[in-house]
Amino acid sequence: MINHQELFPIVEKLEEHRIKYALGGSGLLYFLGLTDSVNDWDITVDCPKEALLKAISEYEWIEQPSGDGLFASEYRISLRSLKIDFIGCFALRSEAGVVHLPVSPMENWDGIRVSSPEVWYIAYDLMGRQAKAHMLLNYLKSNKQKVNSNLLSDLFKITGLTCELSQQLRSLDVHA
Numbered sequence: 000m001i002n003h004q005e006l007f008p009i010v011e012k013l014e015e016h017r018i019k020y021a022l023g024g025s026g027l028l029y030f031l032g033l034t035d036s037v038n039d040w041d042i043t044v045d046c047p048k049e050a051l052l053k054a055i056s057e058y059e060w061i062e063q064p065s066g067d068g069l070f071a072s073e074y075r076i077s078l079r080s081l082k083i084d085f086i087g088c089f090a091l092r093s094e095a096g097v098v099h100l101p102v103s104p105m106e107n108w109d110g111i112r113v114s115s116p117e118v119w120y121i122a123y124d125l126m127g128r129q130a131k132a133h134m135l136l137n138y139l140k141s142n143k144q145k146v147n148s149n150l151l152s153d154l155f156k157i158t159g160l161t162c163e164l165s166q167q168l169r170s171l172d173v174h175a
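Each residue of the sequence shown is one higher than the one before, counting from 0 in numbering that gives the first Met the number 0.
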């Protein structure tokens, strides 16, 4: 099992360089208590690739394929030693077009900004990872007080969402 405290030095570098980021993927699921293990850390960032590379210059990194097939993010950088994947300008393709997902932190986990589950619900659904998408959707439906209505309003405006995804998001809106 990997420990989230291993992320502290990386988080410090991101914040020092004023890079907007959020921990997502299985790290988010673990934080929410929806899984009991994390294989790697997915961190979405909203910055040019050069800015990220400057922030992590002390680490050995490799660039992974991105922007192909289902994935439409601008870049993906991995720190294999820490099992971290940085996803730059997170985006996925749907049958309705490219879906650009915001870096939208929900709260802090020991100082680490954790992504909003609404964003990763969309991501997992578009990736075809239905079990994880359903876990997040059920979490949001069971915790309506934690649903971010302002974020939902922004997500409703995203182009490329399928009708089903849009309907599921609307079912979460406490103001609807």
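Ideal placement from N, C-alpha and C gives every residue a C-beta, glycine not left out.
Because the structure is a prediction, the values reported are computed rather than measured.
First through last residue of the alpha helix (DSSP H) which encompasses residue 119: Stepping through the sequence shown from its first residue, residue 119 is reached at position 120. First-last of the alpha helix (DSSP H) with residue 119: 116-126.
Status (buried if at least 16 other CB within 10 Å, exposed otherwise) for residue 184: Nothing can be reported for residue 184, as the shown portion of the chain is limited to 0 through 175.
Residue 112 in three-state terms, based on DSSP: Sequence index remark: in the sequence shown, residue 112 carries index 113 (1-based). In the structure shown, residue 112 sits in a strand (DSSP, three-state: E or B).
DSSP bridge partner residues for residue 107 (one or two, in chain order): Within the sequence shown, residue 107 is the residue found at index 108, counting from 1. Its beta-bridge partners are 112.
Cα-Cα separation, residue 127 to residue 70: The count along the sequence shown starts at 1 and reaches residue 127 at position 128. The count along the sequence shown starts at 1 and reaches residue 70 at position 71. Residue 127 and residue 70: Cα-Cα distance of roughly 12 Å.
Secondary structure of residue 78, DSSP reduced to three states: Taking the sequence shown and counting its residues from 1, one reaches residue 78 at position 79. Three-state DSSP puts residue 78 in a strand.
Span separating the alpha-carbon of residue 94 from that of residue 161: In the sequence shown, the residue the question calls residue 94 occupies position 95. In the sequence shown, the residue the question calls residue 161 occupies position 162. Residue 94 and residue 161: Cα-Cα distance of roughly 7 Å.
Segments assigned alpha helix (DSSP H), at least 4 residues, entirely inside the region 46-76: 48-54
Identity of the residue in 19, 109 and 150 nearest residue 120 by Cα: The residue labelled residue 120 in the question sits at position 121 within the sequence shown. Checking every option, the nearest Cα to that of residue 120 belongs to 150.
According to DSSP, residues forming a beta bridge with residue 99: The sequence position of residue 99 within the sequence shown is 100, counting from 1. DSSP output for residue 99 lists 90 as bridge partner(s).
Pick from 1, 148 and 16 that is closest to residue 54, judged by C-alpha positions: For the purposes of this step, residue 54 is identified with residue 55 of the sequence shown, where counting begins at 1. The shortest C-alpha separation from residue 54 is found at 16.
Proximity of residue 159 and residue 79 at Cβ, strictly below 9 Å: Position 160 of the sequence shown, counted from the start, is the residue given in the question as residue 159. Position 80 of the sequence shown, counted from the start, is the residue given in the question as residue 79. It is not a contact, given that the beta carbons lie outside the stated cut-off.
Option nearest residue 4 by Cα separation, candidates 20, 26 and 64: Here residue 4 is taken as the residue at index 5 of the sequence shown, counted from 1. The option with the nearest alpha carbon to residue 4 is 26.
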